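Some notes on the structure that comes next.
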Amino acid sequence: MPGHEFSDEYIRKLAKLSRLTVTDAQSAELRTSLSTIVTYVERLRRLDLDGVEPLANVGELTNRLDDDQPGPTLPPEALRGIAPEMHDQFLKVPKVLGDGGGA
Amino acid sequence: MKVAARSAGEIAMAVRSRSATATQVVSLTLDRIEAVNPAINAFVDIFKARAMSAAEDVDARIAKGENLPLAGVPVALKDNMCLGPDLHAPGDTRGYGGRTTCASRILENYRSPFTATAAQRLIEAGAVIVGKTNLDEFAMGSSTEWSIFGPTRNPWDTERVAGGSSGGSAAAVAAGLVPLALGSDTGGSIRQPASHCGVVGVKPTYGRVSRYGLAAFASSLDQIGPMGATVADAALALEVLCGHDPLDSTSAPRAVPAWSAELGRPVEALRLGVPKQARGAGVQPEVTAALDRAVEALRGAGGKFVEVDLPLTDEGIAAYYIIAPAEASSNLARFDGVRYGRRAALGPGEGLFELYCKSRGEGFGDEVRRRIMLGTHVLSAGYHDAYYTTAQKVRRRVLDDFSRAFAACDVIVMPAAPGPAFGIGEKLNDPLAMYLEDVFTVGVNLAGLPGVTVPAGFVSEAGRDLPVGVQIIAPAFEEGVMLRAAAMLERALALPRRNPVIS
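Heads up: the protein sequence lines correspond to chains A and B, in order.
Quick note: our numbering has the first sequence finishing at residue 122, numbered continuously throughout.
Quick note: our numbering has the second sequence finishing at residue 949, numbered continuously throughout.
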């Protein structure tokens, strides 16, 4: 686990990957707090974890198929009602193709 | 009927036997909430007309002869659980509705079109939801200060936090506003505020209670549970909440025993495991003293002390603060300003990418932003194995350590938090100090176990009496043993009922 320096540039990169705008003041605070937290979690490096199987979930999870029966669904107008912007029955978003896609 | 002093069980019995009506109970409850809530900020929304109409429905159901385990019991719901408008029947416009904010600007005006299964089960059992309670934004925090509604204040000392993230629910129960409330617990968010407010808080086994309609924070850890003034009330609510739900793929298809009927039966020759780490550095002496009193009380009731070892207690925190933010960064990707929630205004030439970044940048608060970015960091190419896989290996070891401990004991008894409630603002600018509040609770989530906080008396700090709880942990799906041990502790301590004087 490499020690990590949270530069301003790296914070901007993380913000972009996270799809978040970050102000200069927020960036400065994040450099300090993320660095403190990551330094703390790096204590895990001291443990001998050779041969330990990673555990993602503790539940009694198995793949399960639902019955192939149509069930009740939410009415479309209920979903339209919570959308920030609609165009007829479509969700309206800014241009996606061309220059609109960003990243 | 004085509602504040009544337990959920007493209220349900009174309403069932028609010595009181749900309408009377809810009306008195709403009056009390109106009077007290401004001092503690436990509720973010109070349902007046809607709760009264729901109470009328309960009275009508009682009149028809329905047998309702929570008849007329006022309940508060943490505001990360959805309440839709369609509670009675499709097309029926009555019901609760209202917003589900997660104490976040991004969902400030979000009105869910559906209802959480946990809430639905309470309603079907005759409970009346009287309002939504405050929390740390998206349940990320240990103090209920990271909320767009401002901090919840501890009823025992309004200059202190209620704990978190289910601080609103804990404070509402502690102040006697409701006998029952729901919380959610990803790393201690039911058990730690229960300790700080002097109430009982149950985090059930992972998979016991459906999370359908709970805003997801860290899906491999999240669990809904009840908070109440007594073990009996929490057990009563738990019976209603548990059970398989096809709408949640992690919901366990397990039978739900009648736990509350068994509470009076002590666990024979109860083996009490107390981890050495419960007395570790950073634990305040008052907390250790409360733990000792609890263990002594349980020994007096026939329990046998066994020392157990949970060597990764500190490392559990480190693993948790990798796994939980990693999952959060993925879960919170759904808030994109497109389908629901806040959408930012765009400038000329700005497109979809800016829509995402600005909506989320404006919508999320400081702690949520920090966790999303921490999660993005630990999952990013080149770091994934070093952080996330390592944390998952530690998670396996934490589970194995608990299994080993449970070979020697029936339940584990340890603190729920390293100290009593701390001052408002004290840890807000020190995220790591805030995270360390969870040192005794996160392991239970990593291992998917059930845990309950039981009040264990008061400590005096700066001239104020503050409650301290202890946590009882059981093997997975052994809620029965856990609750019976909790009831034994409650009886053995026989703490006089005290109500906070809220100033």
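Backbone N, C-alpha and C define an ideal beta-carbon position, used for all residues, glycine too.
Quick caveat: nothing in here was measured; it's all calculated off a predicted structure.
Residue 740 of chain B counts as buried, since at least 16 other C-beta atoms from the protein chains shown sit within 10 angstroms of its C-beta. Considering only beta carbons, the part of the stretch 836–850 of chain B lying closer than 8 Å to chain A consists of 836, 837, 838, 839, 840, 841, 842, 843, 845, in chain order. By the CB criterion at 8 Å, residue 641 of chain B and residue 611 of chain B fall outside the cutoff. At a cut-off of 8 Å between C-beta atoms, residue 24 of chain A does not count as an interface residue with respect to chain B. Here DSSP, grouped into helix, strand and coil, assigns residue 468 of chain B to helix.
Per DSSP, residue 503 of chain B is one residue of the alpha helix (DSSP H) stretching across 495–509. For residue 512 of chain B, the closest alpha carbon among the candidates B:544, B:571, B:575, B:901 is that of B:571. Contact between the stretch 549–564 of chain B and the stretch 499–508 of chain B is absent: fewer than three C-beta pairs spanning the two stretches fall below 8 Å.
Residue 601 of chain B sits buried, since 16 or more C-beta atoms from the chains shown fall within 10 Å of its C-beta.
With a contact defined as Cβ atoms closer than 8 Å, residue 789 of chain B and residue 798 of chain B miss out at about 11 Å. Residue 698 of chain B counts as buried, since no fewer than 16 other beta carbons sit within 10 angstroms of its beta carbon.
Proximity of residue 670 of chain B to chain A, defined by a Cβ-Cβ separation below 8 Å, is not satisfied. Counting only runs of at least 3 residues, the stretch 738–824 of chain B fully encloses the following beta strand (DSSP E) elements, listed from N- to C-terminal order: 750–754.
The CB of residue 775 of chain B comes closer than 8 Å to the CB of 37 in chain A, given here in chain order. Shown here for residue 530 of chain B: same chain residues with a beta carbon closer than 6 Å to its own, the five before and five after excluded, namely 558, 559, 560, 561 in chain order.
Residue 50 of chain A has a beta carbon lying at 8 Å or more from every beta carbon in chain B.
In this structure, residue 606 of chain B sits near residue 867 of chain B, with a CB-CB distance shorter than 8 Å. Pairing residue 890 of chain B with residue 900 of chain B gives a Cβ-Cβ distance that is not under 8 Å.
Taking residue 880 of chain B as the centre and dropping the five residues before and after it, the same chain places the C-beta of 587, 588, 589, 873, 874 closer than 8 Å to its C-beta, in chain order. Neighbours of residue 784 of chain B in chain A, taken as residues whose beta carbon is under 7 Å from its own, are 110, 112 in chain order. Counting of Cβ neighbours within 10 angstroms places residue 82 of chain A among the exposed residues, the total staying below 16. CA-CA distance, residue 652 of chain B to residue 848 of chain B, rounds to 15 Å. Not a single CB atom of chain B sits nearer than 8 Å to the CB of residue 92 of chain A. Boundaries of the alpha helix (DSSP H) around residue 51 of chain A: 43–60. If you keep only unbroken beta strand (DSSP E) runs of at least 3 residues inside the stretch 847–929 of chain B, you get 857–861, 897–907, 910–919.
In the DSSP assignment, residue 630 of chain B falls within the unbroken beta strand (DSSP E) covering 626–630. According to the DSSP assignment, residue 679 of chain B belongs to the alpha helix (DSSP H) that extends over 677–687.
Neighbours of residue 765 of chain B across chain A, judged by C-beta separation under 7 Å: 63.
Boundaries cannot be given for residue 651 of chain B, as no beta strand (DSSP E) includes it and DSSP labels it neither H nor E.
Assignment of residue 479 of chain B by DSSP, reduced to helix, strand and coil, places it in the helix class. In this structure, the alpha-carbon of residue 743 of chain B lies about 6 Å from that of residue 939 of chain B. Collapsing the DSSP output to three states places residue 944 of chain B in coil. Scanning the stretch 549–601 of chain B for uninterrupted beta strand (DSSP E) segments of 3 residues or longer gives 574–579, listed from N- to C-terminal end.
Taking a cut-off of 8 Å on C-beta distances, the stretch 711–718 of chain B does not touch the stretch 657–673 of chain B, as fewer than three cross pairs fall below it. For residue 523 of chain B, the closest C-alpha among the options B:508, B:475, B:614, B:553 is that of B:614. Residues 817, 820, 821 of the same chain have their beta carbon placed closer than 6 Å to that of residue 771 of chain B, with the five preceding and five following residues left out of the count.
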